[in-house]
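Okay, structure first, notes after.
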Amino acid sequence: MAKGPLVLPVFLVLAAAAMAVMLLVALSTRLSPLPYSQVQPNGYKLRRWWFVILSVGLVAIFAVTLPWFPYPPLRAAAHAAKNDTLYVKITAQQYGFTMPSVLPLDRRIVFEVTSLDVNHGFGIYDPRGQIVAQVQAMPDYVNHLPVTFTRAGRYTVRCLEYCGIGHASMQGGFDVR
Amino acid sequence: MTSARRVLWIYLLTGIAVFTLMMLLGIAMRAEQARWVAFGPQIFYAMLTLHGGGMITSVALCGMGGLWYLMRREGELSARAALAAYALVVLGVVAVLLSVFPGGFAAGWTFLYPLPFVGATWASWATGTFLIGIMLVSLGWTAWCFQILAFTLTRYGGWGGASGWNLVFKRDAEPHAVPPPQSIAAFVVAVDGILTGMAGMTIGTALIAHWLSPSVLIDPLWAKNVTFFFGHAFANLTIYMALGWVYVGMARYTGREYHTTKILAIAWWATLIFVAVAYFHHLYMDFVQYRPLQYVGEIASYLSAIPATAVSVWGSMLLVYRSRMRWTLGSIFLFTGLIGWVVGGIGALLDASIPLNFDLHNTLWVPAHFHTYLLGGVFLFALGLIYMQLEERSGRCSPPLLRWVVGLTTFGGMAVFLLGFYVAGANGVPRRYALEPSPGPLTASWATVGALLLLLGLLVVLIEAIRLARLPAENPA
Amino acid sequence: MSPLRRIAAYLIGALTLAGALAPLVSNEDVSIPEHHLLHAVLLAGAVTTALLASPDTAGDRNGAWLVAVVGSPLLVMFLMWPSSYAYLDAHPIAHVGDHLSIALLGFLCTWSGQRYARGIGWIGGVATVSMAVLAAGGFGVVR
Ligand code: HEM
Ligand SMILES: [Cu+2]
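Protein chains in written order, with my numbering: chain A, 520 to 696; chain B, 31 to 507; chain C, 16 to 158.
Written out as structure tokens, the structure is:
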């Protein structure tokens, strides 16, 4: 699922909140001034809360979102256990991709992505034009990208790592059905 | 004998001159993405290469000059050494410039191996000149860091004193031997900077070796790690350098005092580590990278928000809260710089979350967030420093109407320009595309309008700065 | 300087020199990463010697020391040029020269650092050794 469009409102809300707080602090200089010795102790108390909330919150987000990390399982055995997995080789080269033109719907696919020359990116855009998956295509290495397509249609592949002056024209595509 | 103020201005004016040139290139690129003009990919990517490297170096120059000046006020520092470091950096910039125009080098300022050597549309000499330029910048940077580190070590009693260790763990630390906040910042920047510079020299030598004898092969994953360690930390440290004078300036404009506390020292130690290991987030989409490093990358990127917000930003907000703050252009720039830093940081945290990075990596979301804290943060800090100096020297500040004009054009233009990146990035438009897929060209059009407005605002800022500089000095050096 | 420290300096210095001479007695084939790592060990010896042997003076801020601290690690990297390793393996004398230069530069970086300001030699030395270790990660690979 494409998460990109969700990120924008989250960002805007958080950014607006942070900005509002800081602007309020700026506006507070219009009120009658307080001696710093009165501001500091309360500020430090409040900061302790901020510290705790932020540290716990961030570590919790890391832990809770672990299942959504896109990486393939580390152990090859776990890989092989999924018998119906389709392995698909992808080769990137300045300025195009070698790949099949049709891929199955609702089946676990593992793309084996590599490059013949420089670093490229293998970015998959769904029929609505949103990124659904990506991985780097590197020379000398093979990256394994597990994906299951749940929407039929025409997918576009774009290069997502700067690879030379033809970079923006480096694209391909496949049908999922 | 070169005066300290002279050294400061040499750094600052060069930084601003480079910035101005690079801003024009930036606007040209955005206009190309909006399809208003068509330079073609060769020129576009040459501009991109120069803009990236040049901009980072321009704010680094401001940071180096500013922090050096602050340290110089605390004790003896050699102006000659500072100018030698400056000369090396400037020579490096000139070499990079020549490699790009006329050389046509367009492998990006991140020069990811093996790109500079494969499918090149530029001459081999351009690649070599670019690499030598990067090397010179690293050398100058490292020399500056060694000078600053040597200063804080001697001035504050060795590693224990300069790092704040004695303050945190020894009861009998003498108050006058405790480094002020900007010196703790300088210590951390210098240590990280030396590591960064060494990494820069390592990857630089490796690439030069490959350039001179192509039989020397390099591991591409290793090259990516070392390059991003260098590039990330160098760019990141520009913010931490600027914090040195943000502390000083905030205290001065609010009339309150900002001291080094145990918490501040510990926060900077944390920063020292996070700056060094957060770069792993650049390799999230390299699934072959050793897996624990991906987790380290996410956690370090996340946690770097703690010292930033809980100490530097929080401390500044406390200084400002219900103080007798003098709102001049100088203090406005410092304050809005903090806002830009935090907002950009929020964009960065989202991008540093691996599940989201899967959809955002190498989209325009990346330039969106880093332009927010580099343009809307570090660069504003640099303007703040410049205005702080000018206001202090002349004893005057700018009229309120002018502040409003600058605020609306500069900050308004900046916001529109940045939003263009954010909206496009969230919709999957790739970064570094001369010709973008939809909705790229549309967002690029607004962004170009925003950037032009910003240009207008900065012109006013420049003219006002010249006016202030020409007033008779009320507080001569 | 305490006698113990003096003895340690001589001892580690002598060991480092002996290590530099190793190609005279053994010309086993080592891979490029191993070769980088051996150089890192050599550098560690030179750095330790310099740290032990450098005087406890407060340091003097002469620009020449600074040039040596910054310049030597860079020269070390150029002496670890992987495509020269095949030649060096076949020519023990040149190889010893290469080693001696590497050790000397490691020593110079650290010593100059300590002379420039106490404590600088530490980070200069550690950084130089780290660069050699880092190089082992991928500077010169065989495909
Ligand atoms: C003044 C207004 C600025 C404008 C109009 C501008 C414009 C741009 C544009 C259009 C790009 C290319 C985005 C893409 O398609 O990937 C870019 C990239 C970049 N900019 Fe800026 N920029 C500005 C300021 C800055 C500042 C202040 C900095 C840093 C201090 C900076 C650093 C960079 C870097 C590092 C890149 C990435 C280069 C690369 O992808 O290799 N820019 N900028
Ligand atoms: Cu590409």
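Backbone N, C-alpha and C fix where the C-beta goes; we use that ideal spot for every residue, glycine too.
Residue i versus residue j - alpha carbon distance
i: A/P665; j: B/G470; result: 28 angstroms
i: B/V15; j: B/P430; result: Outside the shown range of chain B (31 to 507) lies residue 15 of chain B, about which nothing can therefore be said.
i: A/A652; j: B/I40; result: 48 angstroms
i: B/Y283; j: A/D659; result: 56 angstroms
i: B/E104; j: B/A34; result: 12 angstroms
i: B/T182; j: C/W126; result: 19 angstroms
i: B/T478; j: B/L484; result: 10 angstroms
i: B/L380; j: B/L386; result: 7 angstroms
i: B/E287; j: A/F588; result: 45 angstroms
i: B/S213; j: B/M315; result: 37 angstroms
i: B/G414; j: B/I362; result: 7 angstroms
i: B/R110; j: B/R36; result: 12 angstroms
i: B/Y325; j: B/T291; result: 31 angstroms
i: B/A180; j: C/W80; result: 11 angstroms
i: A/G523; j: A/G648; result: 11 angstroms
i: A/V571; j: B/F400; result: 27 angstroms
i: B/F310; j: A/P554; result: 44 angstroms
Contact with chain A by residue i, beta-carbon distance below 9 angstroms
i: B/S428; result: no
i: B/Y241; result: Sequence check: residue 241 of chain B is Trp here, not Tyr. Chain A, which has no Cβ nearer than 9 angstroms to the Cβ of B/W241, makes this no.
i: B/W395; result: yes
Below-9 angstroms beta-carbon distance, residue i vs any chain B residue
i: C/R20; result: no
i: A/S547; result: yes
i: C/V45; result: no
i: C/P70; result: no
i: C/P97; result: yes
i: C/T63; result: no
i: C/V56; result: no
i: A/V544; result: yes
i: A/T584; result: yes
i: A/K564; result: no
Any non-hydrogen atom of ligand 1 within 8 angstroms of residue i CB
i: B/P397; result: yes
i: B/Q595; result: Limits of chain B in this structure are 31 at one end and 507 at the other, which puts residue 595 of chain B out of reach.
i: B/L483; result: no
i: B/G138; result: yes
i: B/V89; result: yes
i: B/L169; result: no
Interface flag, residue i vs chain E, CB-CB below 9 angstroms
i: B/R103; result: No chain E is part of this structure, whose protein chains are labelled A, B and C.
Residue i at chain C interface by Cβ criterion, 9 angstroms
i: B/M31; result: Residue placement at B/M31 is poorly supported in this model, since its pLDDT is 47, which falls under 50; the coordinates still yield a value, given next. No, because no Cβ of chain C sits closer than 9 angstroms to the Cβ of B/M31.
i: B/A173; result: yes
i: B/G188; result: yes
i: B/L431; result: no
i: B/E106; result: yes
i: B/M94; result: no
i: B/I224; result: yes
i: B/R110; result: yes
i: B/W252; result: yes
i: B/N255; result: yes
i: B/T44; result: no
Endpoints, the beta strand (DSSP E) within which residue i is located
i: B/K254; result: Careful: B/K254 lies outside any beta strand (DSSP E), inside the alpha helix (DSSP H) at P250 to T284.
i: A/L605; result: L605 to Q612
Residue i: first and last residue of the uninterrupted alpha helix (DSSP H) it sits in
i: A/Q559; result: Y555 to T584
i: B/G190; result: G188 to A192
i: A/G634; result: Looking at the sequence itself, residue 634 of chain A is Ser, so the reference to Gly does not match. Where A/S634 is concerned, there is no enclosing alpha helix (DSSP H), although the beta strand (DSSP E) it sits in stretches over R627 to S634.
i: B/R102; result: P71 to R102
i: A/T667; result: Premise fails: A/T667 lies in the beta strand (DSSP E), N662 to T667, not in any alpha helix (DSSP H).
Outcome for residue i when other beta-carbon atoms lying within 10 angstroms are tallied against a minimum of 16
i: B/F199; result: exposed
i: B/E106; result: exposed
i: B/M31; result: Low confidence applies here, because B/M31 scores a pLDDT of 47, under 50, leaving its location unreliable; read the following figure in that light. Looking at its Cβ environment, which holds fewer than 16 other Cβ atoms inside 10 Å, B/M31 is exposed.
i: C/Q129; result: buried
i: C/D113; result: buried
i: C/T63; result: buried
i: A/T667; result: exposed
Check: residue i C-beta below 8 angstroms from any heavy atom of ligand 2
i: A/M689; result: yes
i: A/H639; result: yes
i: B/E466; result: no
i: A/C699; result: The structure shown does not extend to residue 699 of chain A, since chain A spans only 520 to 696, so no value can be given for it.
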